[in-house]
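Heads up, the thing below is written out as structure tokens.
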Amino acid sequence: MNGKKILFVSSELVPYLPENPVSLMSYEAPRMVNSNGGQIRIFMPRYGNINERRHQLHEVIRLSGMNLVINDMDMPLIIKVASIPRERIQVYFIDNDEYFKRKATFEDAEGNLFPDNDERAIFFAKGVVETVKKLNWSPDIIHVHGWMASLLPLYLRKYYEDEPLFAESKIVTSVYDGGFDGELDQKMIEKIKFDGVSEESVSALTSPSYNNLLKVAVDHSDAIILASEGISEELKSHIASLSKPVLPYVTLQEAEEAYTNFYKTEVLKQ
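Taking my numbering, I'd label the letters of the sequence shown as residues 6 to 275.
Now the structure itself:
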């Protein structure tokens, strides 16, 4: 992976959030690339339950200050950074007081999904792309983890399709089991169409469930990694119908060799 540039975009990441399959692999995959000579950038949302003092987050003024339009509303973009000390890995945090100040990730204290999770996902996708543009950093691979990041492939391929910085970038989406129960806001598809994205591209989101979000993500990706053993048959069937490179599930112990080979032999060769 010497010299290859990989952008990791994730819903969750240790050590900033509790360990689970998404947060752990979102840490391990960049660490693998870093140790094999690749260049990396990591992005995640700055949820309000992340302890800024403990993790030494600080705002990057030169990257902050832009407004992103979400469903015809101007929403300020704030960028913060921190480092994972033992790995010397820098993490960029997408922040906004309206969307990410609350002291939780996806659900309220009663376990109900936040009603604006759809807008948070749109804001996160746009915020990542706009920040990478400001950094003027052209990734060879963009690797997506977790459902809050799942709109990124769609926005890169549709909303930002004429952006030269990403013209050669390959998108990989890791698919995990679990996700969330129920559905996001029923108007989600209209909010995405407001950005000029065709209804055909997001028709699955007439029912904005976890599986349908991931279907839209893999539809607009170049390659797919099955990151859990227990992925639903509905998702597995959809992925099999796409005729795209797929890395079957491997254990964490096998991941370094498997992911590196997949990047080299299946993703970058396309």
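We put the beta carbon where it would ideally sit given N, CA and C, even for glycine.
Owing to the predicted nature of the structure, the values given are computational and were not obtained by experimental measurement.
| query | result |
| --- | --- |
| Pick from TYR97, GLU188, PRO81, TYR52 that is closest to ASN117, judged by C-alpha positions | GLU188 |
| For ASN56 and PHE171, the rounded distance between their alpha carbons | 33 Å |
| Cβ-based burial, LYS196 [other Cβ within 10 Å; buried from 16] | buried |
| Reduced DSSP category for SER149 - H, G, I as helix; E, B as strand; rest coil | Inspection of the sequence shows that residue 149 is occupied by Val rather than by Ser. VAL149: strand per DSSP, three-state reduction. |
| Straight-line gap, GLY183 to PHE128 (C-alpha atoms, nearest Å) | 23 Å |
| Alpha carbon of ARG162 to alpha carbon of ASP227, nearest angstrom | 11 Å |
| Option nearest LYS269 by Cα separation, candidates LYS175, LEU219, SER208 | LYS175 |
| Three-state secondary structure (DSSP) of THR178 | strand |
| Residues of its chain near ASP123, where Cβ-Cβ distance is below 7 Å and the 5 sequence neighbours each way are ignored | LEU189, ASP190, MET193, LYS196, PRO213 |
| ASP79 - containing beta strand (DSSP E), residue span | 78-81 |
| For GLN258 and VAL74, the rounded distance between their alpha carbons | 42 Å |
| Three or more C-beta pairs below 8 Å linking the stretch 240-247 and the stretch 146-159 | no |
| The stretch 82-99 / the stretch 65-74 touching (three or more Cβ pairs under 8 Å) | yes |
| Inter-stretch contact at 8 Å, needing at least 3 Cβ pairs: the stretch 43-56 / the stretch 134-143 | yes |
| 8 Å Cβ shell around GLU166 - same chain, five flanking residues per side excluded | none |
| Member of ILE229, ASN54, SER179 whose CA lies at the smallest distance from the CA of ASP113 | ASN54 |
| Pick from VAL19, TYR181, THR256, GLU262 that is closest to PRO90, judged by C-alpha positions | VAL19 |
| Closest Cα partner of GLY235 within the set MET78, ASN216, PHE199 | ASN216 |
| Residue from LEU273, PHE105, LYS198, SER179 with nearest C-alpha to PRO253 | SER179 |
| Cut-off 7 Å between Cβ atoms - residues of its own chain near ALA34, not counting five sequence neighbours on either side | PHE13, HIS148, TYR264 |
| Residue range of the beta strand (DSSP E) that includes LEU73 | 72-75 |
| Bridge partner(s) assigned by DSSP for MET49 | PHE98 |
| Exposure label - ASN7; buried when at least 16 CB within 10 Å | exposed |
| Extent of the continuous beta strand (DSSP E) run through LEU12 | 10-15 |
| Boundaries (first-last residue) of the alpha helix (DSSP H) holding ALA260 | 257-267 |
| Boundaries (first-last residue) of the beta strand (DSSP E) holding LEU231 | 228-231 |
| Check whether PRO23 and PHE105 have beta carbons under 8 Å apart | no |
| Cutoff 8 Å: HIS225 Cβ touching any chain D Cβ | Among the chains of the structure shown, chain D does not appear; only one protein chain is present. |
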